[in-house]
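Have a look at the structure below before the remarks.
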Amino acid sequence: MFDVQKIRQQFPILQREVNGKPLIYFDNAATSQKPQAVIDAIVKYYSHYNANIHRGVHALSQEATDLFEQAREKTRAFFNIPQAKQVIFTSGNTHSINAVASGAHVFVSKGDEVIVSAVEHHSNIVPWQMLCEKVGAVLKVIPVLDDGTLDMKTYSNLLSNKTAFVVVNHISNALGVTNPVKEIIKQAHEFNALVLVDGAQSCGHMTVDVQALDADFYTMAGHKMCGPTGIGVLYGKEDLLNQLPPYQGGGEMIDQVTFEHTTYAGLPHKFEAGTPNIAGGIALGAAIDYLNEIGMDNIATYENELLEYGTAQLKTIPGVTILGEVTDKAAVISFVVDKLHPYDIGTIVDKLGVAVRTGHHCAQPVMDRFQIPGTIRASFAFYNTKEEIDIMVQALQRAVNMLA
Ligand SMILES: *Cc1c(COP(=O)(O)O)cnc(C)c1O
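Each residue of the sequence shown is one higher than the last, beginning at -18 in our numbering.
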């Protein structure tokens, strides 16, 4: 059964102290911590299998290739992706989005419209602005309501035969609100528009089934699901990935090269130019094994308990306002305290060993919408505890007393 104390033993970093206090890590939406199994996978790769993949006939190269391709298969199964060749390994979520946006001129023409939501991370806004500039398309925005949910009525009205692409995150990193992506996709498809879902915040916290969602593209960040940095995933429907031009040219991604003409390799290699992050891919496979062992349903249930507890406890501090307090959300609490600056509060609670994120969370338009410079964000993971939440609340109360 789910035993948080046993789980905590598997994360070496959770044993350390910060400023003489036990570390309380509540910045999981920025990056998750890594269990020993993932750290071991990296060390083992470099000490036993290190070789370049897909090229050599020698034993090491074959062993490394097998491990890397096994990780691709684990990733396929984890997200219910139909075929392993639709799992494109990238350097991260940002790279995954850019790989699609940079080639999306084959799907988006002059005068077409691209719809983004008002709660996107900058990495799911800027690449689409660049695309619109390149092809002469128009960017439209789904507004966010006061409660942090998307204005679905306006979304329905924005959709038209001009809509070529809709991009939205599954869970907002700034508010923690889960967006109704299945419904967004269904409505977009009625107008033959394609949908890319940014899954950076969902991937390690809930079961994601790309086929049940009917997403055309789905992107993930390995480092936010207990894997290492420098590895991400792009999923796409097969025919769309075949139509999408390659993002980078180089080795690995070609079929035949002459100075007159080059033909590209098939999927997934067409999108994996150059030597990939081999250790990172293998370690992502180890992270997926680890999450599967605990069980995504157990993780989601436990994190929801932390969310409910944390929300109730935070509200005992006078002056706290939580943004995006809705039923369908991840264990991310974004809040402000009266007129106190989030940065000042973050600095004081850090002295007490508590790591929270403060600022605009790479989502400036969300902060502008709520007319605040930023928030304090406590984001939980399955290795956090209610006792840690109690300590955070005490630290926050102390910070508020000092600053008020
Ligand atoms: C973290 C995050 C990103 C960016 O991912 P990188 O790992 O920095 O490439 C994009 N969107 C959301 C919702 C995120 O949380």
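A virtual CB, placed ideally from N, CA and C, is assigned to each residue, including glycine. Fair warning: this is a prediction, and the values are worked out from it, not measured in the lab.
- prompt: Is glutamine 67 helix, strand or coil when you go by DSSP?
  reply: helix
Nearest residue (CA-CA) to alanine 246, options Ile353, Glu286, Gly340 and Met234: Met234
- prompt: Are the region 0 to 7 and the region 331 to 345 touching, with three or more C-beta to C-beta distances below 8 Å?
  reply: yes
query: What are the boundary residues of the alpha helix (DSSP H) that includes lysine 367?
result: 367 to 384
Alpha-carbon to alpha-carbon, glutamine 345 and histidine 322: 16 Å
message: Contact defined as beta carbons within less than 8 Å: I believe asparagine 160 pairs with leucine 131. What is the distance between those atoms, to the nearest angstrom?
response: 6 Å
- request: Could you round the C-beta distance between tyrosine 26 and isoleucine 269 to whole angstroms and report it? I think they count as a contact, below 8 Å.
  value: About 15 Å; that fails the 8 Å criterion.
- prompt: Which of the three DSSP states, helix, strand or coil, is assigned to aspartate 270?
  reply: helix
task: Return the chain-ordered ranges of every alpha helix (DSSP H) run that is complete within the region 324 to 368 and spans a minimum of 4 residues.
output: 345 to 350
- prompt: Per DSSP, what kind of secondary structure is phenylalanine 198 in: helix, strand or coil?
  reply: strand
task: Could you pull the start and end residues of the alpha helix (DSSP H) that phenylalanine 252 belongs to?
output: Here phenylalanine 252 belongs to no alpha helix (DSSP H), and DSSP marks it neither H nor E.
message: Please classify serine 141 as buried or exposed, where buried requires at least 16 neighbouring CB atoms within 10 angstroms.
response: exposed
- prompt: Taking the continuous beta strand (DSSP E) assigned at threonine 56, which residues delimit it?
  reply: Premise fails: threonine 56 lies in the alpha helix (DSSP H), 40 to 59, not in any beta strand (DSSP E).
query: Quick one: what's got a C-beta closer than 7 Å to serine 42's C-beta in the same chain, skipping five residues either side?
result: Ala32, Asn33, Ile34 and Arg36
- request: Answer with buried or exposed for asparagine 105, where buried requires no fewer than 16 other C-beta atoms within 10 angstroms of its C-beta.
  value: buried
N- and C-terminal bounds of the alpha helix (DSSP H) containing threonine 297: That residue, threonine 297, is in no alpha helix (DSSP H); it is neither H nor E in DSSP.
query: So is asparagine 154 buried or exposed if we call it buried at 16+ other beta carbons inside 10 Å?
result: buried
message: Tell me the rounded alpha-carbon separation between leucine 225 and glycine 84.
response: 6 Å
query: Does ligand 1 have even one heavy atom less than 8 Å from the beta-carbon of cysteine 207?
result: no
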